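J.: Below is one structure. I have some questions about it.
Number of protein chains: 6
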Amino acid sequence: MRLLSRLLSAADRISAPLPAHAHCDLPCGVYDPAQARIEAQSVKAIMERYQQNQDPDYRTRCIVIKEQRADLVKHHLWVLWTDYFKPEHLEKVPNLHDLMWRATKAAGQSKGTMDVSVADRLLGLIDEVDAAFKATKS
Amino acid sequence: MRLLSRLLSAADRISAPLPAHAHCDLPCGVYDPAQARIEAQSVKAIMERYQQNQDPDYRTRCIVIKEQRADLVKHHLWVLWTDYFKPEHLEKVPNLHDLMWRATKAAGQSKGTMDVSVADRLLGLIDEVDAAFKATKS
Amino acid sequence: MRLLSRLLSAADRISAPLPAHAHCDLPCGVYDPAQARIEAQSVKAIMERYQQNQDPDYRTRCIVIKEQRADLVKHHLWVLWTDYFKPEHLEKVPNLHDLMWRATKAAGQSKGTMDVSVADRLLGLIDEVDAAFKATKS
Amino acid sequence: MRLLSRLLSAADRISAPLPAHAHCDLPCGVYDPAQARIEAQSVKAIMERYQQNQDPDYRTRCIVIKEQRADLVKHHLWVLWTDYFKPEHLEKVPNLHDLMWRATKAAGQSKGTMDVSVADRLLGLIDEVDAAFKATKS
Amino acid sequence: MRLLSRLLSAADRISAPLPAHAHCDLPCGVYDPAQARIEAQSVKAIMERYQQNQDPDYRTRCIVIKEQRADLVKHHLWVLWTDYFKPEHLEKVPNLHDLMWRATKAAGQSKGTMDVSVADRLLGLIDEVDAAFKATKS
Amino acid sequence: MRLLSRLLSAADRISAPLPAHAHCDLPCGVYDPAQARIEAQSVKAIMERYQQNQDPDYRTRCIVIKEQRADLVKHHLWVLWTDYFKPEHLEKVPNLHDLMWRATKAAGQSKGTMDVSVADRLLGLIDEVDAAFKATKS
Numbered sequence: 002m003r004l005l006s007r008l009l010s011a012a013d014r015i016s017a018p019l020p021a022h023a024h025c026d027l028p029c030g031v032y033d034p035a036q037a038r039i040e041a042q043s044v045k046a047i048m049e050r051y052q053q054n055q056d057p058d059y060r061t062r063c064i065v066i067k068e069q070r071a072d073l074v075k076h077h078l079w080v081l082w083t084d085y086f087k088p089e090h091l092e093k094v095p096n097l098h099d100l101m102w103r104a105t106k107a108a109g110q111s112k113g114t115m116d117v118s119v120a121d122r123l124l125g126l127i128d129e130v131d132a133a134f135k136a137t138k139s
Numbered sequence: 002m003r004l005l006s007r008l009l010s011a012a013d014r015i016s017a018p019l020p021a022h023a024h025c026d027l028p029c030g031v032y033d034p035a036q037a038r039i040e041a042q043s044v045k046a047i048m049e050r051y052q053q054n055q056d057p058d059y060r061t062r063c064i065v066i067k068e069q070r071a072d073l074v075k076h077h078l079w080v081l082w083t084d085y086f087k088p089e090h091l092e093k094v095p096n097l098h099d100l101m102w103r104a105t106k107a108a109g110q111s112k113g114t115m116d117v118s119v120a121d122r123l124l125g126l127i128d129e130v131d132a133a134f135k136a137t138k139s
Numbered sequence: 002m003r004l005l006s007r008l009l010s011a012a013d014r015i016s017a018p019l020p021a022h023a024h025c026d027l028p029c030g031v032y033d034p035a036q037a038r039i040e041a042q043s044v045k046a047i048m049e050r051y052q053q054n055q056d057p058d059y060r061t062r063c064i065v066i067k068e069q070r071a072d073l074v075k076h077h078l079w080v081l082w083t084d085y086f087k088p089e090h091l092e093k094v095p096n097l098h099d100l101m102w103r104a105t106k107a108a109g110q111s112k113g114t115m116d117v118s119v120a121d122r123l124l125g126l127i128d129e130v131d132a133a134f135k136a137t138k139s
Numbered sequence: 002m003r004l005l006s007r008l009l010s011a012a013d014r015i016s017a018p019l020p021a022h023a024h025c026d027l028p029c030g031v032y033d034p035a036q037a038r039i040e041a042q043s044v045k046a047i048m049e050r051y052q053q054n055q056d057p058d059y060r061t062r063c064i065v066i067k068e069q070r071a072d073l074v075k076h077h078l079w080v081l082w083t084d085y086f087k088p089e090h091l092e093k094v095p096n097l098h099d100l101m102w103r104a105t106k107a108a109g110q111s112k113g114t115m116d117v118s119v120a121d122r123l124l125g126l127i128d129e130v131d132a133a134f135k136a137t138k139s
Numbered sequence: 002m003r004l005l006s007r008l009l010s011a012a013d014r015i016s017a018p019l020p021a022h023a024h025c026d027l028p029c030g031v032y033d034p035a036q037a038r039i040e041a042q043s044v045k046a047i048m049e050r051y052q053q054n055q056d057p058d059y060r061t062r063c064i065v066i067k068e069q070r071a072d073l074v075k076h077h078l079w080v081l082w083t084d085y086f087k088p089e090h091l092e093k094v095p096n097l098h099d100l101m102w103r104a105t106k107a108a109g110q111s112k113g114t115m116d117v118s119v120a121d122r123l124l125g126l127i128d129e130v131d132a133a134f135k136a137t138k139s
Numbered sequence: 002m003r004l005l006s007r008l009l010s011a012a013d014r015i016s017a018p019l020p021a022h023a024h025c026d027l028p029c030g031v032y033d034p035a036q037a038r039i040e041a042q043s044v045k046a047i048m049e050r051y052q053q054n055q056d057p058d059y060r061t062r063c064i065v066i067k068e069q070r071a072d073l074v075k076h077h078l079w080v081l082w083t084d085y086f087k088p089e090h091l092e093k094v095p096n097l098h099d100l101m102w103r104a105t106k107a108a109g110q111s112k113g114t115m116d117v118s119v120a121d122r123l124l125g126l127i128d129e130v131d132a133a134f135k136a137t138k139s
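Residue numbers (the numbering used here), protein chains in the order written: chain A, 2 to 139; chain B, 2 to 139; chain C, 2 to 139; chain D, 2 to 139; chain E, 2 to 139; chain F, 2 to 139.
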């Protein structure tokens, strides 16, 4: 199995590398919009499960857990905005502040609704953040 | 800029999709070994910065922040082990428990050292976990 | 009163010492399955109160607080598994991984139900963990 | 092994039950001074390890982790003071407030020193709290 | 705008300084009852919104968030009691322990009710704590 | 004493009210820049104590605690930026995004230095945020 695992791991490295995006002038300089995206996908999944389940206790848990996940989305986006992005990046991403504001506000809105379209909009904004992130790396 | 951002985002979707791995029988069923990997890369980056900087206060911060990051690695691995992996996965990943044990123990060891090879071993184990994760999804 | 308190304290030491289980090769090497057990007892108590109270707001609080307590059970069990238990313990506790997996999974299941029997099963598994803990100390 | 584990568990239940102390008029009504004691023992153990190890990075980790553990001691004591103890308990424990104040202050002092006698004093005060706890249960 | 902002800021400094209350014999010696008050005002505001909104999901969120805010009230009060107040302050505030006990208990009670009068009582007790705080500073 | 306390409290209300700034369209709609300011004052106080104390363990604690306090500054500023400020506020505070960016970045910089002037700059920026906050309330 150890061998199989290693082979799968090697195959994985060839076909679909999931690179981390390292940034180097801070002690903990590793940033990756995937952190916000994973939590936002969790937000969306919880909304979908909520819609499919009428049990009130289950729905209460959906609300509670979604609240935490949406908070993590906000946190990861804030870290990107304040820690990763630098003044010189504004040349390549002139709408950075507005984009990050709309993204974090969408994360906040996703707390108070079970409307999947809000999560989809949030995921779309995180895609834009990811594009801005990639555009400013080299 | 909005257009540029969207174009970059669209281009990104074509060239390097970063798929989230969704699991569906729980309220918050989104799992992704990337969460553990990103924190482990942070652990490694902190070790490297520590080696290159003699300032004692900077080094203290490295120790403090690495402690937190390594804790997050453990947390994300534990969640995969307990929440994502199911008894039926043991057929495809018979060494699952041993693998997760070594991975979480390596994360713990990375707290007490600035030896980059420990972080590399941790990252290798997370690659194996990622392979096991992919092998059990369909 | 100071005297009464001291007398009670002294009497307590004689009749019912609650020993802590110290482990010595790590900086914070004190482990005790009581930490998981206390939180699991809280999980069970919340389930019982929920059954006896129809007020929807009270029940919502039961769900929220139980979610947190069950999370702490998982955390304390994970720490025992990764930090306390060592490879040499597998001789005395060959089913360690399976036991810890079932225990942490039971803690996870206790989040999604108000069925007291799930908490009882969780407490039974923590008893087994406690037995494994004691069997490996000397 | 399952059988051995169960036998050990059964033997354990007979020889050394570690009862939890349940309190019943709140949703999460399980209290146990063991929670504060375990963290205080961790504080003491860290001080001892610090004294025996000259490595500056190791010592930094001792300081960091002790800070967290002492904080948990304070938290668990505060919960007992505010949530478990009731006005009617003041008859049996007239010095309750002064005892809890000295205990939480000792926990705070244990953050700023590596003097084991401070941890011993803290543990003594937690023993007194435990006695007050037992004196007020029935 | 930068100028406007600075003018507003300057005007603000003259008309309504919001002084922080510094205490100097500890590493993090800044205390301010405003921290507890702000969270208690949040508790009250949530109760009011709950009363005005019948949507069950909204109400669940009210319960969840109020639980967290009330917890922060308790935390900030505990810190004042254990860290800021010193034995010599008992001369000026002989009822300190009873006051802090009632205040933290009121914060706990505010978790289990949507009765605004409980939040008002809590805010009144925080005012008394603030008065004790000011009476012991010089 | 109860009377004295109430009199002091009443006197306090007359002479120096510390109003909370309530915002009303969210469940937890209470905002106050004082939260960020208090933590920033703690950051500054820790820096000053660090400069006055040569003990290496004390200095390590200063670094650790300042890290946490600076994190809280960032958190409170982020909440103001994302949750309190609305698009219509940009008319009165056209430099809002740049101001908040510089303020949160200054909070981040205060983690990596013991230079009190960095904390002073941070406090100055929080004053500007407070002015923007007041300018947008009515």
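Think of the CB as a built atom: it goes at the ideal place given N, C-alpha and C, for glycine as much as any other residue.
Just so you know, these numbers come straight off a predicted model, no measurement behind them.
Is C/V74 near C/A37, with beta carbons less than 9 Å apart?
T.: Yes.
J.: Closest Cβ-Cβ distance between E/K138 and chain D: below 9 Å?
T.: It does not; no Cβ of chain D falls within 9 Å.
J.: Using a Cβ-Cβ distance under 9 Å, would F/A71 count as near chain E?
T.: Closer than 9 Å: no.
J.: Around the C-beta of B/Q52, are 16 or more other C-beta atoms found within 10 angstroms, so that it is buried, or is it exposed?
T.: Exposed, by the Cβ-count rule.
J.: Determine, using beta carbons only, whether A/T61 comes closer than 9 Å to chain C.
T.: It does: the Cβ of A/T61 has a partner Cβ on chain C nearer than 9 Å.
J.: So with Cβ pairs under 9 Å, would you call F/I64 a contact of chain B?
T.: Chain B, which has a Cβ nearer than 9 Å to the Cβ of F/I64, makes this yes.
J.: Hey, could you find the ends of the alpha helix (DSSP H) C/Q42 is sitting in?
T.: Counting along the chain, the alpha helix (DSSP H) containing C/Q42 begins and ends at 35–52.
J.: Considering Cα atoms alone, identify which of C/S118, C/D128, C/A133, C/L126 is closest to C/Y92.
T.: In the sequence as displayed, the identity of residue 92 of chain C is Glu instead of Tyr. Ranking C/S118, C/D128, C/A133, C/L126 by Cα distance to C/E92 puts C/A133 first.
J.: Could you check whether the Cβ of D/G1 sits closer than 9 Å to any Cβ belonging to chain F?
T.: Since the displayed chain D opens at 2 and closes at 139, residue 1 of chain D lies outside it and no answer follows.
J.: At which residue ranges does the region 44–104 of chain B contain complete beta strand (DSSP E) runs of 3 or more residues, listed in the order of the chain?
T.: List check, beta strand (DSSP E) in window: nothing returned.
J.: Beta carbons nearer than 7 Å to chain E: which residues of the region 67–100 of chain D have them?
T.: Within the region 67–100 of chain D, the residues whose Cβ lies closer than 7 Å to some Cβ of chain E are K75, W79, T83, D84, H98, listed in chain order.
J.: Under 9 Å, Cβ to Cβ, is there at least one residue of chain B near C/G125?
T.: No, C/G125 does not count as interfacial toward chain B.
J.: Check whether the Cβ of E/P34 lies closer than 9 Å to any Cβ atom in chain A.
T.: No, E/P34 does not count as interfacial toward chain A.
J.: Give the range of the alpha helix (DSSP H) segment to which C/D118 is assigned.
T.: Note that residue 118 of chain C is Ser in the sequence shown here, rather than Asp. First-last of the alpha helix (DSSP H) with C/S118: 117–136.
J.: Determine the direct distance from the alpha carbon of A/V117 to that of A/A41, and round the result to whole angstroms.
T.: Answer to the nearest angstrom: the Cα atoms are 11 Å apart.
J.: Evaluate D/D131 with the Cβ neighbour count: other Cβ atoms within 10 Å of its Cβ, from every protein chain shown; 16 or more gives buried, anything less gives exposed.
T.: By the neighbour-count rule (16 or more Cβ atoms within 10 Å), D/D131 is buried.
J.: Return the chain-ordered list of same chain residues with a C-beta closer than 7 Å to the C-beta of B/A23, the five sequence neighbours on each side being excluded.
T.: Confidence in B/A23 is poor, its pLDDT being 36 and thus under 50, which makes the residue's placement too unreliable to answer from.
J.: Comparing the C-beta of C/G30 with each C-beta of chain B, is any distance below 9 Å?
T.: Taking Cβ atoms only, chain B never reaches closer than 9 Å to C/G30, which makes this a no.
J.: For D/D121, which residues of its own chain have a beta-carbon under 8 Å away from its beta-carbon, when the five flanking residues on both sides are left out?
T.: Cβ within range, chain order: K45.
J.: Thinking C-alpha only, which one of A/T105, A/S111, A/K112, A/I47 is nearest A/P34?
T.: It is A/T105 whose Cα lies nearest to the Cα of A/P34.
J.: Using a Cβ cut-off of 9 Å, pull out every chain C residue sitting near A/D128, in sequence order please.
T.: Neighbours of A/D128 on chain C: none; closest Cβ ~31 Å, over 9 Å.
J.: Kindly say whether C/R122, judged by its beta-carbon, lies nearer than 9 Å to any beta-carbon of chain D.
T.: Closer than 9 Å: no.
J.: Please report the Cβ distance between F/L100 and F/E129, rounded to the nearest whole angstrom; I am assuming they are in contact, meaning their Cβ atoms lie under 8 Å.
T.: At roughly 6 Å, the Cβ-Cβ gap stays under 8 Å, so F/L100 and F/E129 are in contact.
J.: With burial defined as no fewer than 16 other Cβ atoms inside 10 Å of the residue's Cβ, what is the status of C/K87: buried or exposed?
T.: The residue in question, C/K87, is exposed, as its Cβ has fewer than 16 Cβ neighbours within 10 Å.
J.: State the Cα-Cα distance for the pair B/A71 and E/R70, rounded to the nearest angstrom.
T.: Rounded to the nearest angstrom, the two C-alpha atoms are 29 Å apart.
J.: In whole angstroms, what is the alpha-carbon distance linking B/R50 and D/R103?
T.: Using only the alpha carbons, I get a separation of about 42 Å.
J.: Closest Cβ-Cβ distance between A/A46 and chain B: below 9 Å?
T.: For A/A46, the answer is yes, since a Cβ of chain B falls inside 9 Å of its Cβ.
J.: Verify whether the separation of the beta carbon atoms of B/G1 and D/Y59 is less than 9 Å.
T.: Only positions 2 to 139 of chain B appear in this structure, which leaves residue 1 of chain B out of reach.
J.: D/S139 by DSSP, collapsed to three states: which one?
T.: D/S139 falls in the coil class under three-state DSSP.
J.: Using the Cα positions of C/C63 and E/C63, report the straight-line distance between them to the nearest angstrom.
T.: Approximately 14 Å between the Cα atoms of the pair.
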